[in-house]
Amino acid sequence: MNGFIKLAGSIVLVSVLGGCSHAIQISPPIENITSVNVENKIDKSVAYHISSEDRVKSVTTPGGGGDDVTYKPYADTEVALNAMLSRVFSKVYSLEDGDNKAFIADKNISYVFSTQVKTDSSSDSAFTWPPTDFTYELTCSAVDSSGANVWSKTVTSQGKAEFDEFKHDFSLSARRATEDAYKKMLQEIAAAPEFRK
Numbered sequence: 031m032n033g034f035i036k037l038a039g040s041i042v043l044v045s046v047l048g049g050c051s052h053a054i055q056i057s058p059p060i061e062n063i064t065s066v067n068v069e070n071k072i073d074k075s076v077a078y079h080i081s082s083e084d085r086v087k088s089v090t091t092p093g094g095g096g097d098d099v100t101y102k103p104y105a106d107t108e109v110a111l112n113a114m115l116s117r118v119f120s121k122v123y124s125l126e127d128g129d130n131k132a133f134i135a136d137k138n139i140s141y142v143f144s145t146q147v148k149t150d151s152s153s154d155s156a157f158t159w160p161p162t163d164f165t166y167e168l169t170c171s172a173v174d175s176s177g178a179n180v181w182s183k184t185v186t187s188q189g190k191a192e193f194d195e196f197k198h199d200f201s202l203s204a205r206r207a208t209e210d211a212y213k214k215m216l217q218e219i220a221a222a223p224e225f226r227k
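Taking this note's numbering, the leading residue of the sequence shown gets 31, the next gets one more, and so forth.
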């Protein structure tokens with residue numbers, strides 16, 4: 031009980047000081063992605079490309095108590111992206127240069143995936159800074175080995191967490207949003223007939 035009061039007090043104190051930006055990590059629990067059941071895994075090699083700009087990109091959105099939260103939407107979720115594709119396809123590569131035709135041919139890569147991410151957050155608390163609500167919009171697109179667009183899909187997920195839940199994980203609402211988004215996208219990719227031709 032004393033520990034709970036001290037924790038609540040420390041979060042409130044930071045919020046009272048106001049104007050701060052707090053770092054959070056929005057990667058979902060990877061085991062929750064890799065445990066998704068996929069029937070008839072596709073026996074093809076694929077790659078994903080994250081630009082160097084996106085890898086280092088930081089985003090700041092509102093938290094509670096007048097404070098903000100800062101995170102890296104692409105770097106934080108790269109492991110989830112890899113895990114998602116690995117549940118559907120037999121081999122997944124990280125492609126540093128999206129136009130590296132030699133690598134694509136050498137590895138017999140059928141599709142190259144890229145993502146676009148939009149986020150937002152908020153809190154219904156005036157006294158604690160962790161967001162109680164987090165929105166994660168994920169657009170996933172794929173081109174074939176020739177560079178032609180073959181597929182694109184957007185999913186939007188919202189994560190919620192109240193104080194009794196996030197007192198042990200200030201990133202909880204964000205993690206719930208990203209977990210739901212990558213699970214949704216995994217199912218969309220697995221069901222897409224374009225990848226089974």
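Glycine included, C-beta positions come from ideal geometry on N, C-alpha and C. Since the structure is predicted, the reported quantities are computational estimates derived from the model, not experimental observations.
When the options are compared against residue i, the one with the closest alpha-carbon
| i | options | result |
| --- | --- | --- |
| A132 | F196, S176 and I72 | S176 |
| D154 | E126, W181, Y123 and A191 | A191 |
| G189 | A207, K102 and H198 | A207 |
| D210 | K121, M114, E224 and P223 | M114 |
| E108 | Y166, T169, S124 and S140 | S124 |
| E83 | D127, A178 and V76 | D127 |
| D163 | A204, T186, D199 and A178 | A204 |
| V76 | H198, Y212 and F143 | F143 |
| T184 | G49, E224, F196 and K148 | K148 |
| N130 | S187, A220 and Y78 | Y78 |
| I217 | E61, V68 and A135 | The question names Ile, yet the displayed sequence has Gln at residue 217. When each option's Cα is compared against that of Q217, the closest is V68. |
Test item: CB-CB of residue i and residue j under 9 Å
| i | j | result |
| --- | --- | --- |
| S171 | T145 | yes |
| A156 | G94 | yes |
| K121 | K102 | no |
| I60 | D106 | no |
| E167 | S187 | yes |
| I63 | A110 | yes |
Nearest-angstrom Cβ-Cβ length linking residue i and residue j, presumed shorter than 8 Å
| i | j | result |
| --- | --- | --- |
| D159 | H52 | According to the sequence shown, residue 159 is Trp rather than Asp. Their Cβ separation, rounded to whole angstroms, is 6 Å, which keeps W159 and H52 in contact under 8 Å. |
| V99 | I54 | 5 Å |
| V118 | Y141 | V118 to Y141, Cβ: 10 Å. No contact. |
| V66 | K213 | 6 Å |
First and last residue of the uninterrupted beta strand (DSSP E) at residue i
| i | result |
| --- | --- |
| I80 | Element bounds for I80: n/a, residue is neither H nor E. |
| T148 | Before going further, note that residue 148 is Lys rather than Thr in the sequence given. Where K148 is concerned, the enclosing beta strand (DSSP E) stretches over I139 to S152. |
| F225 | Neither: F225 is in no beta strand (DSSP E) and is coded neither H nor E. |
Residue i, enclosing alpha helix (DSSP H) - first and last residue
| i | result |
| --- | --- |
| S51 | Segment S51 to A53 is the beta strand (DSSP E) holding S51; no alpha helix (DSSP H) there. |
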